[in-house]
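Notes follow once the structure below has been shown.
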Amino acid sequence: MSGLATLAAVIWLAGGGEAVVARQASAQSSPAAMYACPMHPDATATAPGTCPRCGMPLVAMDPFDAREYLVDVTTTPKAIRAGEPFKLQLIVREPVSRAVISAFATVHDKRFHLFVISQDLEHYDHVHPEQQPDGSWSLEVKLPRPGYYKLYSDFLPIGGTPQVIALPLITAGFRGDIASSSARLVADRNLTSPAGSMRVSLVLPESPLVAGREEAFAFELTDLETSAPVRDLEPYLAAWGHTLLISQDTQSVVHAHPVELVPDGDPAVRGGPVITFKALFPKAGHYRLWTQLKRKGEVVTARFTISVGSPVAQGR
Numbered sequence: 003m004s005g006l007a008t009l010a011a012v013i014w015l016a017g018g019g020e021a022v023v024a025r026q027a028s029a030q031s032s033p034a035a036m037y038a039c040p041m042h043p044d045a046t047a048t049a050p051g052t053c054p055r056c057g058m059p060l061v062a063m064d065p066f067d068a069r070e071y072l073v074d075v076t077t078t079p080k081a082i083r084a085g086e087p088f089k090l091q092l093i094v095r096e097p098v099s100r101a102v103i104s105a106f107a108t109v110h111d112k113r114f115h116l117f118v119i120s121q122d123l124e125h126y127d128h129v130h131p132e133q134q135p136d137g138s139w140s141l142e143v144k145l146p147r148p149g150y151y152k153l154y155s156d157f158l159p160i161g162g163t164p165q166v167i168a169l170p171l172i173t174a175g176f177r178g179d180i181a182s183s184s185a186r187l188v189a190d191r192n193l194t195s196p197a198g199s200m201r202v203s204l205v206l207p208e209s210p211l212v213a214g215r216e217e218a219f220a221f222e223l224t225d226l227e228t229s230a231p232v233r234d235l236e237p238y239l240a241a242w243g244h245t246l247l248i249s250q251d252t253q254s255v256v257h258a259h260p261v262e263l264v265p266d267g268d269p270a271v272r273g274g275p276v277i278t279f280k281a282l283f284p285k286a287g288h289y290r291l292w293t294q295l296k297r298k299g300e301v302v303t304a305r306f307t308i309s310v311g312s313p314v315a316q317g318r
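Take any residue in the sequence shown, count from 1 to its spot, add 2: that is its number in this note's numbering.
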C-alpha cells in the first residue's frame, strides 16, 4: 500500500472548546502539489479531478498538514438571550501568523457550514454564514432556549486541510452547569420517524455497530400519506442527504454523505427510495444522528439515537 493510501477518513474530535482532525498519516513527506477530496483526504491525485469514492471535485490541499486553524467568534449584542436574534461573526485565522483567511474551497455547494447544537443534543441547526468584504463570516442566529451550545465551524481553507472547529456558546443568565445540561442518550427502539412528507426508516447492519471500523447504514424513504416508496428525492447541497453524528459527550463528530452519487448536469434528476451512508465511529457509546433530506422543495431533518459497541466487547 502506498503512503498516500494510509490516510484514514476524517473524524472530528471536538473537545475543550476546539476540534482536531484525527487521521492516520504516512511518515512520507508531503508532495509540493497535491489534490485531495474534502470528505476523503486519502483520495489524492497530482492533478485536478473527481473523488473516485464520492464524486466530489478534488481541491488543492496538503492532506498531511494537520495544523488546526483558529476561529474568532463574536456576538452582537455580547450578552445573547434565548428567543432573541443576534448577529454571529466568525473570523478564520492562519494558525501561525494569525492572518485572516479569506479564500475557501466550495464543499457541497457552500464555502462555510455551521452547525449550532445544544449541549443536551436536543437542538440542531445547519446554517451557512455569508462572507463579508473583510473576510469574516456572519449570520443572524436565534437560540430556542437558555443553556449551553456548541458551534461547529466546517470549512476548507485553500491550500489547507478540512477543518471543523468547535467553540462553546452560552446564553446570558443561564444558571445551570455543563454536567446537568449534558445529554443522557438512550438508543431508539423505534427506528422510523416522520420528516416532512416522508417517513424515514433507519436500517442498521445485522451485526452491532462497532467503533473503529467503517460501518454502513441506510435510510428507507416512504410517502407519509400513501406509504409508497419515495422516488422524487431532490439533491440537497450536491448530495442526496447529509448526516451528522455526535457522541453523547459531544467530543466526537462524524459527518457522512450518501454512497449514491448525484449525477452532474441534470437538474431534474431525482433519488430514493433508499440512500446508503458509511461512517467510521471513533469510539463506543451512544450517538445522536441527524439526517437532512430534500423533497418537494422542503429540507427536512430526521433524528435518531444509536448505540456503537467497542471492538473488545464484540470480540475483535
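Where a beta carbon is used, it is the ideal one built from N, C-alpha and C, also for glycine. Nothing here was measured: the structure is a model prediction, and the numbers come from that model.
Counted within 10 angstroms of its Cβ, other Cβ atoms place residue i as buried (16 or more) or exposed
| i | result |
| --- | --- |
| Ala49 | exposed |
| Glu262 | buried |
| Ala174 | exposed |
| Pro196 | exposed |
| Gly51 | exposed |
| Glu300 | exposed |
| Ala286 | buried |
| Ser120 | buried |
| Gly274 | buried |
| Ile82 | buried |
| Glu217 | buried |
| Ala181 | exposed |
| Pro1 | With the chain covering 3 to 318 only, the question about residue 1 has no answer from this structure. |
| Gly162 | buried |
| Thr78 | exposed |
Under the three-state DSSP convention, the category residue i falls into
| i | result |
| --- | --- |
| Ile103 | coil |
| Ile308 | strand |
| Ala230 | coil |
| Ala29 | Residue placement at Ala29 is flagged as unreliable, the pLDDT there being 29, under the threshold of 50; a coordinate-derived value is accordingly withheld. |
| Ala240 | coil |
| Ser183 | helix |
| Trp14 | Its pLDDT being 41, under 50, Trp14 is placed unreliably by the model, and the measurement read from it follows with that caveat. Reduced to three states, the DSSP call for Trp14 is strand. |
| Leu324 | There is simply no residue 324 to check, as the chain begins at 3 and stops at 318 in what is shown. |
| Pro131 | coil |
| His257 | strand |
| Asp314 | The sequence given here has Val at residue 314, not Asp. Note: Val314 maps to coil in three-state DSSP. |
| Arg95 | strand |
| Asp266 | coil |
| Glu124 | coil |
| Lys285 | coil |
| Gly273 | strand |
| Glu208 | coil |
| Arg177 | coil |
| Glu71 | The sequence shown places Tyr at residue 71, rather than the Glu named in the question. Coil, per DSSP. |
| Gln250 | coil |
| Ser138 | coil |
CB-CB length for residue i against residue j, believed under 8 Å
| i | j | result |
| --- | --- | --- |
| Ser199 | Phe221 | About 15 Å; that fails the 8 Å criterion. |
| Pro54 | Ala62 | With 8 Å as the limit, Pro54 and Ala62 do not qualify as a contact, their Cβ atoms being about 18 Å apart. |
| Ala281 | Leu247 | 6 Å |
| Ala319 | Leu145 | Look at the range of the chain in this structure, 3 to 318, and you will see that residue 319 is not part of it. |
Close Cβ partners of residue i (< 8 Å) along its chain, the five nearest in sequence each way excluded
| i | result |
| --- | --- |
| Leu187 | Leu123, Gln250, His288, Tyr289, Arg290 and Thr307 |
| Leu193 | Ser203, Leu204, Val205, Leu206 and Phe306 |
| Val271 | Pro237, Val264 and Pro265 |
| Gly311 | Pro210, Leu211, Val212, Ala213 and Ala286 |
Cβ neighbours of residue i in the same chain (closer than 7 Å, five flanking residues each side left out)
| i | result |
| --- | --- |
| Lys298 | Ser199 |
| Leu60 | Tyr37, Ala38, Cys39, Ala47, Pro50, Gly51, Thr52 and Cys53 |
| Pro97 | Arg69, Glu70, Tyr71 and Leu72 |
Within 8 Å, strictly: CB atoms of residue i and residue j
| i | j | result |
| --- | --- | --- |
| Thr293 | Thr303 | yes |
| Val264 | Trp242 | yes |
| Leu116 | Val129 | yes |
| Pro326 | Glu142 | The requested residue 326 does not occur in the structure, where the chain is confined to residues 3 to 318. |
| Pro284 | Ser309 | no |
| Gly149 | Gly178 | yes |
| Thr245 | Val232 | no |
| Arg147 | Gln133 | no |
| His110 | Ala189 | no |
Own chain residues within Cβ distance below 6 Å of residue i, not counting five before or after
| i | result |
| --- | --- |
| Phe219 | Leu206 and Phe279 |
| Leu171 | Tyr151 and Leu153 |
| Gly214 | Pro313 |
| Ala105 | Ile160 |
| Val73 | Leu92, Val94, Ser155 and Ile167 |
| Lys296 | Glu236 and Tyr238 |
| Asp234 | Arg272 |
| Asp127 | Val118 |
| Ala258 | Thr245, Phe279 and Ala281 |
| Gln165 | Tyr71 and Phe157 |
Distance cut-off 7 Å: residue i Cβ against heavy atoms of the ligand SAM
| i | result |
| --- | --- |
| Leu193 | This structure does not include the ligand SAM; it has no bound ligands of any sort. |
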